[in-house]
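S.K.: This is the structure I want to talk about, given as structure tokens.
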Amino acid sequence: MLPISSNLVIPDSEIEIHAVRAQGAGGQHVNKVSSAVHLRFDINASSLPHFYKEELLKLRDGRISDDGVITIKAQQYRSQEQNREDALNRLRALIHSVAIPRKKRRPTKPTKSSQNRRLESKKKAGRLKALRRTLE
8 MLPISSNLVI PDSEIEIHAV RAQGAGGQHV NKVSSAVHLR FDINASSLPH
58 FYKEELLKLR DGRISDDGVI TIKAQQYRSQ EQNREDALNR LRALIHSVAI
108 PRKKRRPTKP TKSSQNRRLE SKKKAGRLKA LRRTLE
């Protein structure tokens, strides 16, 4: 069971975890052990509330496929157990991130004085460039 919040828990049956060989240097031991972890979580087939599913599918995240499957590869640590915990923590953080509602952006207009300052600086720059020109 992966606790997300006080009232939301994901059962282990919905999370697929596979051990794979880690990339990169590792010495003599590297080709013998599968210490990296691939975590797969299908958003559509999960028991998450509808709101969480919608928000997760809306995310523009490279870890989420077009089919709605979250794939996380954890290979930071040398032990498989630490990588497993890291992958689960990253899944928890991703689901947590959509729980917080985003603030709507309120469009604003530039003030009259800021518009005037901008136009004055443009005129000043133009005058400076005009002085640099050679007279014919």
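Numbering of the sequence shown is given in the working numbering, commencing with residue 8 and proceeding in unit increments.
Here a beta-carbon is modelled for each residue, glycine too, at the ideal position from N, C-alpha and C.
If you're wondering where the values come from, they're calculated on a predicted model, not measured in any experiment.
(1) Would you mind giving the Cβ-Cβ distance between S86 and S54, rounded to the nearest angstrom? I have them listed as a contact below 8 Å.
(2) Is I107 buried or exposed, if buried means 16 or more other CB atoms sit within 10 Å of its CB?
(3) Below 7 Å CB to CB, which residues in the same chain sit around T141 once its five sequence neighbours on both sides are set aside?
(4) Sort R125, K129, V44, Q30 by Cα distance to I2 and report the nearest one.
(5) Alpha carbon to alpha carbon, how far is E127 from L138?
(6) Using CA atoms only, rank isn't needed, just tell me which of N90, L101, S13 is closest to I77.
(7) Under the three-state reduction of DSSP, which class applies to A43: helix, strand or coil?
(8) For L98, does the count of other Cβ atoms within 10 angstroms reach 16, so buried, or fall short, so exposed?
(9) Find the nearest neighbour of D73 within the set P56, Q89, N51, Y59, judged by alpha-carbon distance.
(10) Report the rounded CA-to-CA distance for S12 versus S120, giving the unit in angstroms.
(11) DSSP three-state label for K116, please.
(12) Is the CB-CB distance between L9 and I24 below 7 Å?
M.R.: So, to answer that:
(1) For the purposes of this step, residue 86 is identified with residue 79 of the sequence shown, where counting begins at 1. For the purposes of this step, residue 54 is identified with residue 47 of the sequence shown, where counting begins at 1. At roughly 30 Å, the Cβ-Cβ gap does not stay under 8 Å, so S86 and S54 are not in contact.
(2) As a first step, residue 107 is located in the sequence shown; it is residue number 100 there, counting from the start. Label assigned to I107: exposed.
(3) Here residue 141 refers to the residue found at position 134 when the sequence shown is read from its first residue. No residues qualify anywhere along the chain.
(4) This structure does not reach residue 2, given that the chain is present from 8 up to 143, and the question cannot be answered.
(5) Here residue 127 refers to the residue found at position 120 of the sequence shown. Here residue 138 refers to the residue found at position 131 of the sequence shown. Distance between the alpha carbons of E127 and L138 is about 17 Å.
(6) Working through the sequence shown from its first residue, we reach residue 77 at position 70. Here the closest residue by C-alpha is L101.
(7) By one-based count along the sequence shown, residue 43 stands at place 36. Three-state result, A43: strand.
(8) Counted from its first residue, the sequence shown places residue 98 at position 91. When all chains shown are included, L98 counts as buried.
(9) Within the sequence shown, numbered from 1, the residue matching residue 73 stands at position 66. Checking every option, the nearest Cα to that of D73 belongs to N51.
(10) Locating residue 12 in the sequence shown gives position 5, where the first residue counts as 1. Locating residue 120 in the sequence shown gives position 113, where the first residue counts as 1. Taken atom to atom, the span from the alpha-carbon of S12 to that of S120 is near 48 Å.
(11) The residue you call residue 116 lines up with position 109 of the sequence shown. Here K116 sits in coil by DSSP.
(12) For this step, residue 9 is matched to residue 2 along the sequence shown. For this step, residue 24 is matched to residue 17 along the sequence shown. Contact flag unset, no.
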